[in-house]
Amino acid sequence: MFYELSLLITVVLWLFVWLFLKNENKRVYFLFIGFTVIGFISFLLLEPLRWQLYPAFLAGLLLVFLAKGKPSKKKKITASVFTILLVTISMVLVTVMPKLSLPGTTGEYSVGVKTFHLIDEEREELATKESGDKREFVVDVWYPIEKPNGVKEEEYPTELGMVFSSLMKMPDAVFAYSKYGNTEIYREQPISEKENNYPVVIFSHGDLATRFQSMFQVRELTSQGYIVIGINHTHNASFTTFPNGKVVEGKDFLTNDLGNEEHYNRLLDARIGDFSYVIDTLKDWNTNDTILKNRINEENIGVMGHSLGGSAITGALVKDDRIKAGFNMDGRVYENIKTLDFKKPFMHMINDAIHTQKTTQADIDGMGDVKTTLEDMNEHQELFIHSFNETFDSQSNDAYKIELRGSNHYSFADLFLMIKLLAPELDVTKGHTIINDATIAFFDKYLKGKDVDIKLELGKYEEIKMEAK
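All residue numbers for the sequence shown refer to the numbering used here, where the first residue is 1077 and numbers rise by one.
Here's what the structure looks like:
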């Protein structure tokens, strides 16, 4: 906020000087104008101009235009009203929709990233009409590195802003400023040699979301000594951009076919197949990749996911023997998964608004041309809560059932770092801290074998309602 406040204060000071000093001390007046112009240019060089600041820049241009000639009383009043109005608008906008600022990580490592385009030649792509299409998708691999010197950090992914724009039913330009957020992530730097190898956690995004949706969590987990792999599930991500420039837009499977359990199962099976193929690929990376070679701990693999991603990782956990532990964030457990035998460590965290929020017909109408009915949506919510309790009850040990008080469905993503106006009761930073602490404690215990009392670790938070066994 420093640069934004500096700009706004400068415009207000410019107004003051124009009103009271122009005819009293021209030398001071023109000196101030010179410094102001230099300040504006410096701002543009140091900080990209976001649309939230357009009104303040417009106010500055207005004062430049009015600087010529002797200001009349009417001109002074008009300039004052418009300047204060425009500066106030910018102040409100940068407050409720600030530049995305991810908190610093707490682990000993910095974060590197490498992107891979994967093609599973053994699986047909069922989401396309062309026969013979093979399943292909993109993954990012985030891994521990030493802090590099003189290396430019990655821009915040533009895909995330586009996902949020779609979610809010707004033009892409509204959240395009997300790319100006900090990441402290560095592309294709050497992996840290502090440890012989690092356990793997695979992340699965929500319906029509992106692998970049929860960077607050990905960065923190990587800084603690994990390799984190984010999958863009082609045709069920908002869109997927391949290295050759091809872009595949996603399809809203959920709201279009919410009551069709068979359809859900096909969708989840596609995602579970993505997990399995990534795990198959680990051996090749561990043998041949220039960065990851000999650094992947193939014996300690976990999965985590949000929303539909949480549903999918639950299925992968019980179906793939190579996965040791899973963390489901606000995802329903579907019938075909509940019937399987849960014997692995499983943490399920949900928002507590699920108990009180009710879908209305206005919500359904706002979804556009979809098949979903109000009855389907309310039944889905009831089954969500039922599956949350039933899954925990079916496990005998290493199970964690958590409600995050004051949160909602999007508290598990970066969204409210960009638009605080829509944030729920739970403070965004506090919520992310709790989620990160739960993530690290869980995987430290079950992938790194640390002696962690998860119930004690999370019991310090009054925002947590938890059962464990």
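We treat Cβ as the ideally placed atom computed from N, Cα and C, and that holds for glycine.
For clarity, every value in this text was computed on a predicted model and none was experimentally measured.
Is LEU1393 closer than 7 Å to GLY1326 when the C-beta atoms are compared?
Here residue 1326 refers to the residue found at position 250 of the sequence shown. Here residue 1393 refers to the residue found at position 317 of the sequence shown. Their beta carbons are not under 7 Å apart, which means GLY1326 does not touch LEU1393 by this criterion.
HIS1281 by DSSP, collapsed to three states: which one?
The residue you call residue 1281 lines up with position 205 of the sequence shown. HIS1281: coil per DSSP, three-state reduction.
How big is the Cα-Cα spacing for VAL1354 and GLY1208?
Translated into positions along the sequence shown, residue 1354 becomes position 278. Translated into positions along the sequence shown, residue 1208 becomes position 132. Roughly 21 Å between the two C-alpha positions.
Is the beta carbon of ILE1389 closer than 7 Å to that of VAL1379?
Here residue 1379 is taken as the residue at index 303 of the sequence shown, counted from 1. Here residue 1389 is taken as the residue at index 313 of the sequence shown, counted from 1. Yes; because the gap between Cβ atoms is below 7 Å, this pair is in contact.
Taking the straight line between their C-alpha atoms, what separation do you get for PHE1288 and LYS1521?
What you label residue 1288 is simply residue 212 of the sequence shown in a count that begins at 1. What you label residue 1521 is simply residue 445 of the sequence shown in a count that begins at 1. Each residue's alpha carbon lies about 25 Å from the other.
In three-state terms, what does DSSP make of PHE1403?
In the sequence shown, the residue the question calls residue 1403 occupies position 327. In this structure, PHE1403 counts as strand in the three-state DSSP scheme.
Rounded to the nearest angstrom, what separates THR1435 and VAL1163 at their Cα positions?
Your numbering for residue 1435 matches position 359 in the sequence shown. Your numbering for residue 1163 matches position 87 in the sequence shown. Whole-angstrom Cα-Cα distance: 38 Å.
Check the DSSP bridge columns for ARG1211 and list the partner residues they point to.
Locating residue 1211 in the sequence shown gives position 135, where the first residue counts as 1. Paired residue(s): ASP1196.
Can you tell me which residues form a DSSP beta bridge with HIS1546?
Examination of residue 1546 is not possible in this model, given that the chain is present from 1077 through 1545 alone.
Taking the CB atoms as reference points, tell me whether SER1268 and GLY1183 lie closer together than 7 Å.
By 1-based counting over the sequence shown, the position of residue 1268 is 192. By 1-based counting over the sequence shown, the position of residue 1183 is 107. Going by C-beta atoms, SER1268 is not nearer than 7 Å to GLY1183.
Strand pairing of THR1317, partner residues [DSSP]
Sequence index remark: in the sequence shown, residue 1317 carries index 241 (1-based). Answer by DSSP bridge pairing, in chain order: VAL1323.
Measure the C-alpha to C-alpha separation of LEU1084 and MET1291 and round it to an integer number of angstroms.
Counting from one through the sequence shown, the residue named residue 1084 turns up at place 8. Counting from one through the sequence shown, the residue named residue 1291 turns up at place 215. Their Cα atoms are separated by approximately 30 Å.
Please confirm whether GLY1306 and ASP1216 have their CB atoms less than 7 Å apart.
Position 230 of the sequence shown holds residue 1306. Position 140 of the sequence shown holds residue 1216. Contact: yes.
Helix, strand or coil for ASP1503 per DSSP?
To locate residue 1503, count along the sequence shown from 1; it is residue 427. Note: ASP1503 maps to coil in three-state DSSP.
Quick one: what does DSSP say ASN1362 is sitting in, helix, strand or coil?
For this step, residue 1362 is matched to residue 286 along the sequence shown. ASN1362 falls in the helix class under three-state DSSP.
What is the residue span of the alpha helix (DSSP H) that ILE1307 lies within?
If you number the sequence shown from 1, residue 1307 lands on position 231. Not the alpha helix (DSSP H): ILE1307 falls in the beta strand (DSSP E), residues 1303-1308.
From this set, VAL1087, VAL1409, SER1166, PRO1224, which residue's C-alpha is nearest ASN1465's C-alpha?
The residue given as residue 1465 occupies position 389 in the sequence shown. Residue VAL1409 is the option with its Cα nearest to ASN1465.
Tell me the DSSP bridge mates of MET1380?
Reading the sequence shown from its first residue, position 304 is the one you call residue 1380. Per DSSP, PHE1279, PHE1403.
In terms of residues, what are the limits of the beta strand (DSSP E) holding LYS1541?
Taking the sequence shown and counting its residues from 1, one reaches residue 1541 at position 465. Where LYS1541 is concerned, the enclosing beta strand (DSSP E) stretches over 1540-1544.
In angstroms, rounded to a whole number, what distance separates the CA positions of LEU1081 and LYS1400?
Looking up residue 1081 in the sequence shown gives position 5. Looking up residue 1400 in the sequence shown gives position 324. Those two C-alpha atoms are separated by around 49 Å.
At which residues does the beta strand (DSSP E) containing ARG1126 begin and terminate?
Position 50 of the sequence shown, counted from the start, is the residue given in the question as residue 1126. No beta strand (DSSP E) holds ARG1126; DSSP gives it neither H nor E.
Residue of LYS1477, ASP1397, VAL1504 minimising C-alpha distance to MET1423:
As a first step, residue 1423 must be located in the sequence shown, where it is residue number 347. Nearest of LYS1477, ASP1397, VAL1504 to MET1423, Cα basis: LYS1477.
Along the chain, which unbroken stretches of the beta strand (DSSP E) at least 3 residues long are found entirely within the segment 1249-1275?
1261-1263
For the 8 Å Cβ check, are there 3 or more pairs between the segment 1230-1248 and the segment 1309-1328?
yes
Can you name the start and end residues of the alpha helix (DSSP H) that LYS1152 belongs to?
Taking the sequence shown and counting its residues from 1, the one referred to as residue 1152 is at position 76. That run of the alpha helix (DSSP H) goes 1149-1172.
By how many angstroms is the C-alpha of LEU1202 removed from the C-alpha of LEU1330?
Indexing the sequence shown from 1 puts residue 1330 at position 254. Indexing the sequence shown from 1 puts residue 1202 at position 126. Confidence at LEU1330 is low in this model, with a pLDDT of 47, below 50, so the placement of that residue is unreliable and no value is reported for it.
With 16 other Cβ atoms within 10 Å as the buried cut-off, status of PHE1279
For the purposes of this step, residue 1279 is taken as the residue at position 203 of the sequence shown. PHE1279 is buried by the Cβ-count criterion.
Would you report the Cα separation of ILE1426 and ASN1341, rounded to the nearest angstrom?
Start at 1 with the first residue of the sequence shown, and residue 1426 comes out as number 350. Start at 1 with the first residue of the sequence shown, and residue 1341 comes out as number 265. Roughly 21 Å separates the two Cα atoms.
Comparing alpha-carbon positions, which option in ALA1135, GLU1200, TYR1253 lies nearest LEU1125?
Start at 1 with the first residue of the sequence shown, and residue 1125 comes out as number 49. Comparing Cα-Cα distances from LEU1125 to each of ALA1135, GLU1200, TYR1253, the minimum goes to TYR1253.
State whether the segment 1452-1471 contacts the segment 1152-1161, with contact taken as three or more CB pairs (one from each stretch) at a distance under 8 Å.
no
Put SER1118 into one of helix, strand or coil per three-state DSSP.
As a first step, residue 1118 must be located in the sequence shown, where it is residue number 42. If DSSP states are grouped into helix, strand and coil, SER1118 belongs with the helices.
Does DSSP put THR1331 in a helix, in a strand, or in coil?
Here the question's residue 1331 lines up with position 255 in the sequence shown. Here THR1331 scores only 46 on pLDDT, less than 50, and its place in the model should not be relied on; the value that follows carries that caveat. Correct three-state label for THR1331: helix.
Rounded straight-line distance, which links the Cα of ASN1454 to that of LEU1358:
Looking up residue 1358 in the sequence shown gives position 282. Looking up residue 1454 in the sequence shown gives position 378. The straight-line gap from Cα to Cα measures roughly 41 Å.
Delimiting residues of the alpha helix (DSSP H) encompassing ARG1295
Within the sequence shown, the letter at position 219 stands for residue 1295. Taken as a continuous stretch (DSSP letters only), the alpha helix (DSSP H) holding ARG1295 covers 1291-1299.
Three-way DSSP call (helix, strand, coil) for LYS1190 in this model:
Taking the first residue of the sequence shown as position 1, residue 1190 is located at position 114. Correct three-state label for LYS1190: strand.
Could you tell me if PHE1488 is buried or exposed, where buried requires 16 or more neighbouring beta carbons within 10 angstroms of its beta carbon?
For the purposes of this step, residue 1488 is identified with residue 412 of the sequence shown, where counting begins at 1. Burial call: buried.
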